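Engineer: Could you have a look at this structure, given as structure tokens, before my questions?
There are 4 protein chains.
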Amino acid sequence: MLKSETKIRVRYGETDQMGYVYYGNYPLYYEVSRTDMIKKIGWTYGEMEKSGVMMPVASLNVKYIRPAFYDEELTVKVVVKNMPTKKMEFEYEVFNEQNKLINKGNTTLVFVDMKTGRLTNPPQEFTDKLKKYFK
Amino acid sequence: MLKSETKIRVRYGETDQMGYVYYGNYPLYYEVSRTDMIKKIGWTYGEMEKSGVMMPVASLNVKYIRPAFYDEELTVKVVVKNMPTKKMEFEYEVFNEQNKLINKGNTTLVFVDMKTGRLTNPPQEFTDKLKKYFK
Amino acid sequence: MLKSETKIRVRYGETDQMGYVYYGNYPLYYEVSRTDMIKKIGWTYGEMEKSGVMMPVASLNVKYIRPAFYDEELTVKVVVKNMPTKKMEFEYEVFNEQNKLINKGNTTLVFVDMKTGRLTNPPQEFTDKLKKYFK
Amino acid sequence: MLKSETKIRVRYGETDQMGYVYYGNYPLYYEVSRTDMIKKIGWTYGEMEKSGVMMPVASLNVKYIRPAFYDEELTVKVVVKNMPTKKMEFEYEVFNEQNKLINKGNTTLVFVDMKTGRLTNPPQEFTDKLKKYFK
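Protein chains in written order, with my numbering: chain D, 5 to 139; chain G, 5 to 139; chain A, 5 to 139; chain X, 5 to 139.
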């Protein structure tokens, strides 16, 4: 199992007139936590694209539990439970400064060969770095 | 059953370096189609907030089927199948200019009393306008 | 002189907790009006990029005069006063539904050869379409 | 003179199909650096709004010098040169990881009484905290 935790501070422009973080901004927060997780295992998503593989999102599910507010520091906890095949599943939980769960969700990303546009396996280098987390 | 259809043209700033519409922008498209649907039944979401009721999103689910590209005119079809109670469920399908289904999803929104912050029934005026669609 | 006018409806996600359109969203509105203007002269910005030329923004200036609100239909008037050389200057005025000027600004975009990354002339086809507006 | 420095990592969703940070995202970066600066002097912009004063942006000017890329850590340096009156001017410089200046700009924000909607002086508490920087 692969776990990571990322701090994100809410920007003013991410709120809406309800005074809450706009619901469409959580996918951005999830993305930041994914980028961060991949970095922590010693790779980067940028390198993956340079190696010719990209990871578009195939599905997104979000539960909005409590609102988030301007300038709060949120903690996004992300977990990958299974060794990726042609797809990779991420689960997220977002906590506010009072450590209350305010949001949870998951995304499935797929590995796509940028030349052919078709599903592919994750790059070998990425798989090698992931292995130790999934015994 | 309540149905509506909205055209949305993809903005440059909505694409990402993959050359696709960023996955986090679909919630915005869904919102535009909701706003438009409510207007078509003779009300506005703005009036709802003025009457003291807001509709935060409680859940969001999205399937990404095909990419959308800069300057494409997308068609968002939105359907409400059930008369809203304290919540209202919207289902979305997004089509590109070739009339291919590129994205589908749904959201559940809840009615919240802006003074108390608690779940409430939809405003009477809104319910009255909705009734004829759900016999 | 080249002129164009584009209608844009304010999205909920574009407001912030002040209840106004967030100041960082006007550049998006300007971009929509540019895309629209280029289309009206019989070309598209997408074709320009396919021809190997892109137009990054070199400068942006905005004056915020009155706020814009959720669900308002804004009118963006854009003007190009001079035949583009290696750069192209756009001036914008944004009006609300009461026809009040709420925002004005300008951007300078440059033509860049996507292979070399260097400044270049606009594509011939684009220049040809523009000529009649600048006698 | 008041100075502050903030690190911002570029999100994937902030790039566009050019592969650069979309020009409309720099105002967000500026805002993050302002929020951060105000926090460093021992106040918060949130407290200002709670005290009944908001700070809408009156003008924005941006020069785009070099592109910024996904996952780069940018440094935003912000300076306030003059003690604010009814308005407050911020100047920004954005540097990439190679310490190259990629973007510079400025914004003027005004103090507005949230009840009357009219220009006002900055809150006393804020002025008190600022004084020591402007002798």
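Ideal placement from N, C-alpha and C gives every residue a C-beta, glycine not left out. Every value quoted in this text rests on a predicted model; they were computed, and no experiment measured them.
(1) Which runs of the alpha helix (DSSP H), 4 residues or longer, sit entirely within the segment 41-94 of chain D?
(2) Kindly list the residues whose CB is nearer than 7 Å to the CB of K44 (chain G), restricted to its own chain and excluding five residues on each side of it in sequence; keep chain order.
(3) Measuring CB to CB, does S63 (chain G) end up less than 8 Å from V66 (chain D)?
(4) Give the DSSP bridge partners of L105 (chain A), in chain order.
(5) Could you list the residues in the segment 55-86 of chain X with a C-beta less than 7 Å from some C-beta on chain D, going in chain order?
(6) Per DSSP, which residues does K7 (chain A) bridge with? Please list them.
(7) Work out the CA separation of N110 (chain A) and G28 (chain A) for me, nearest whole Å.
(8) When the Cα atoms are used, what is the spatial distance from K135 (chain G) to M87 (chain G)?
(9) Report the rounded CA-to-CA distance for M52 (chain A) versus Q128 (chain A), giving the unit in angstroms.
(10) Determine the chain G residues that contact G50 (chain A) at a beta-carbon separation under 7 Å, and present them in chain order.
(11) Got a sec? Which residues, its chain only, sit under 7 Å from I12 (chain X) by beta carbon, not counting five neighbours each side?
(12) Please list the terminal residues of the continuous alpha helix (DSSP H) segment that includes K135 (chain G).
(13) Excluding the 5 residues flanking E101 (chain X) on each side, which residues of the same chain have their C-beta closer than 7 Å to its C-beta?
(14) Strictly under 8 Å for the Cβ-Cβ distance: is Y27 (chain X) near chain A by that measure?
(15) Nearest to K54 (chain D) by alpha carbon, out of D:R15, D:N125, D:M118, D:F138?
(16) Name the residue from G:K108, G:T89, G:M41, G:P60 whose alpha carbon lies nearest to the alpha carbon of M22 (chain D).
(17) Give every residue of the same chain whose Cβ lies closer than 7 Å to the Cβ of P31 (chain G), excluding the five residues on either side of it in the sequence, and list them in chain order.
(18) Along chain X, which residues have their Cβ under 8 Å away from the Cβ of L113 (chain D)?
(19) Counting contacts by CB-CB distance shorter than 8 Å, is E35 (chain G) in contact with chain A?
(20) Looking at K85 (chain D) and E95 (chain D), is the spacing between their C-beta atoms short of 8 Å?
(21) How would you call Y137 (chain D), buried or exposed, if buried means at least 16 neighbouring beta carbons within 10 angstroms?
(22) Is it the case that the Cβ atoms of V57 (chain X) and K91 (chain X) are separated by a distance below 8 Å?
(23) Just to confirm, are D132 (chain D) and T19 (chain A) a CB contact at a threshold of 8 Å?
(24) Are there 16 or more other CB atoms within 10 angstroms of the CB of G17 (chain X), so buried, or fewer, so exposed?
(25) Indicate whether at least one CB of chain D lies closer than 8 Å to the CB of Y19 (chain A).
(26) Compute the Euclidean distance between the alpha carbons of T10 (chain G) and D40 (chain G), then round it to the nearest angstrom.
(27) Indicate whether at least one CB of chain X lies closer than 8 Å to the CB of L32 (chain A).
(28) Taking only three categories from DSSP, how would you classify T112 (chain A)?
(29) What in chain G is Cβ-close to T39 (chain A), meaning under 9 Å?
(30) For L123 (chain X), count neighbouring C-beta atoms within 10 Å of its own C-beta (all shown protein chains included) and say buried if the count is 16 or more, exposed if not.
(31) Please report the distance separating the alpha-carbon of N107 (chain A) from that of V14 (chain A).
(32) Reducing DSSP to helix, strand and coil, say where T120 (chain D) ends up.
(33) At 8 Å on the CB atoms, spell out the chain X contacts of Y96 (chain A), in chain order.
(34) Is K81 (chain A) close to the ligand GTP? I mean its beta-carbon at under 7 Å from any heavy atom of the ligand.
Structural biologist: Based on what the coordinates show:
(1) Within the segment 41-94 of chain D, the complete alpha helix (DSSP H) runs of at least 4 residues are 49-54.
(2) Working through the second sequence from its first residue, we reach residue 44 (chain G) at position 40. Excluding the 5 residues flanking it on each side, K44 (chain G) has same chain C-beta neighbours closer than 7 Å at S8, in chain order.
(3) Taking the first residue of the second sequence as 1, we reach residue 63 (chain G) at position 59. Taking the first residue of the first sequence as 1, we reach residue 66 (chain D) at position 62. Yes, they are a contact pair.
(4) Along the third sequence, one-based indexing puts residue 105 (chain A) at 101. Per DSSP, the beta-bridge partners of L105 (chain A) are A:F99.
(5) Residues of the segment 55-86 of chain X whose Cβ lies closer than 7 Å to any Cβ of chain D, in chain order: Y74, D75.
(6) Position 3 of the third sequence holds residue 7 (chain A). As computed with DSSP, K7 (chain A) is found in a beta bridge with A:V83.
(7) As a working note, residue 28 (chain A) is residue 24 in the third sequence. As a working note, residue 110 (chain A) is residue 106 in the third sequence. Taking the straight line joining both Cα atoms gives about 14 Å.
(8) Here residue 135 (chain G) is taken as the residue at index 131 of the second sequence, counted from 1. Here residue 87 (chain G) is taken as the residue at index 83 of the second sequence, counted from 1. The straight-line gap from Cα to Cα measures roughly 7 Å.
(9) Against the third sequence, residue 52 (chain A) aligns to sequence position 48. Against the third sequence, residue 128 (chain A) aligns to sequence position 124. Roughly 10 Å separates the two Cα atoms.
(10) On the third sequence, residue 50 (chain A) is found 46 positions in, with the first residue counted as 1. By Cβ distance, chain G contributes Y74, D75.
(11) As a position in the fourth sequence, residue 12 (chain X) is number 8, starting the count at 1. Cβ neighbours of I12 (chain X) within its own chain (closer than 7 Å, five residues either side excluded): Y33, V36, L78, V80.
(12) Position 131 of the second sequence, counted from the start, is the residue given in the question as residue 135 (chain G). First-last of the alpha helix (DSSP H) with K135 (chain G): 128-135.
(13) Looking up residue 101 (chain X) in the fourth sequence gives position 97. Exclusion of the five residues before and after E101 (chain X) leaves E76, E77 as the residues of its chain whose Cβ lies within less than 7 Å of its Cβ.
(14) Here the question's residue 27 (chain X) lines up with position 23 in the fourth sequence. At a cut-off of 8 Å between beta carbons, Y27 (chain X) contacts chain A.
(15) Here the question's residue 54 (chain D) lines up with position 50 in the first sequence. Of D:R15, D:N125, D:M118, D:F138, the residue nearest in Cα terms is D:M118.
(16) Mapped onto the first sequence, residue 22 (chain D) falls at position 18. With distances taken between CA atoms, M22 (chain D) lies nearest to G:P60 out of G:K108, G:T89, G:M41, G:P60.
(17) Residue numbering aside, residue 31 (chain G) sits at position 27 when the second sequence is read from its first letter. Cβ neighbours of P31 (chain G) beyond the five flanking positions: L64.
(18) Here the question's residue 113 (chain D) lines up with position 109 in the first sequence. Within chain X, no residue comes near L113 (chain D); the closest Cβ sits about 11 Å away, beyond 8 Å.
(19) Working through the second sequence from its first residue, we reach residue 35 (chain G) at position 31. Closer than 8 Å to some Cβ of chain A, the Cβ of E35 (chain G) qualifies, so yes.
(20) Position 91 of the first sequence, counted from the first residue, corresponds to residue 95 (chain D). Position 81 of the first sequence, counted from the first residue, corresponds to residue 85 (chain D). Going by C-beta atoms, E95 (chain D) is nearer than 8 Å to K85 (chain D).
(21) The count along the first sequence starts at 1 and reaches residue 137 (chain D) at position 133. So Y137 (chain D) ends up on the exposed side.
(22) Here residue 57 (chain X) is taken as the residue at index 53 of the fourth sequence, counted from 1. Here residue 91 (chain X) is taken as the residue at index 87 of the fourth sequence, counted from 1. No, the Cβ-Cβ distance between V57 (chain X) and K91 (chain X) is not below 8 Å.
(23) Position 128 of the first sequence, counted from the start, is the residue given in the question as residue 132 (chain D). Position 15 of the third sequence, counted from the start, is the residue given in the question as residue 19 (chain A). No. Outside cutoff.
(24) What you label residue 17 (chain X) is simply residue 13 of the fourth sequence in a count that begins at 1. G17 (chain X) should be labelled buried.
(25) Your numbering for residue 19 (chain A) matches position 15 in the third sequence. Contrary to the premise, residue 19 (chain A) reads as Thr rather than Tyr in this sequence. By the rule that beta-carbons nearer than 8 Å mark a contact, T19 (chain A) touches chain D.
(26) Walking along the second sequence from the start, residue 10 (chain G) turns up at place 6. Walking along the second sequence from the start, residue 40 (chain G) turns up at place 36. Here the alpha carbon of T10 (chain G) sits roughly 7 Å from the alpha carbon of D40 (chain G).
(27) Your numbering for residue 32 (chain A) matches position 28 in the third sequence. Look at L32 (chain A): its C-beta is under 8 Å from a C-beta on chain X.
(28) The sequence position of residue 112 (chain A) within the third sequence is 108, counting from 1. Strand, per DSSP.
(29) Here residue 39 (chain A) corresponds to residue number 35 of the third sequence, with the count starting at 1. Neighbours of T39 (chain A) on chain G, chain order: R13, R15, Y16, Y74, D75.
(30) For the purposes of this step, residue 123 (chain X) is taken as residue 119 along the fourth sequence, with counting starting at 1. Looking at its Cβ environment, which holds fewer than 16 other Cβ atoms inside 10 Å, L123 (chain X) is exposed.
(31) For the purposes of this step, residue 107 (chain A) is taken as the residue at position 103 of the third sequence. For the purposes of this step, residue 14 (chain A) is taken as the residue at position 10 of the third sequence. N107 (chain A) and V14 (chain A) have their alpha carbons spaced roughly 14 Å apart.
(32) Numbered from 1 along the first sequence, position 116 holds the residue referred to as residue 120 (chain D). Of the three classes helix, strand and coil, the one that applies to T120 (chain D) here is coil, per DSSP.
(33) One-based indexing of the third sequence puts residue 96 (chain A) at position 92. Proximity of chain X to Y96 (chain A) at the Cβ level (cut-off 8 Å) is not reached, the minimal Cβ distance being about 13 Å.
(34) As presented, the structure is devoid of all ligands, the ligand GTP included, so that no description of it is given.
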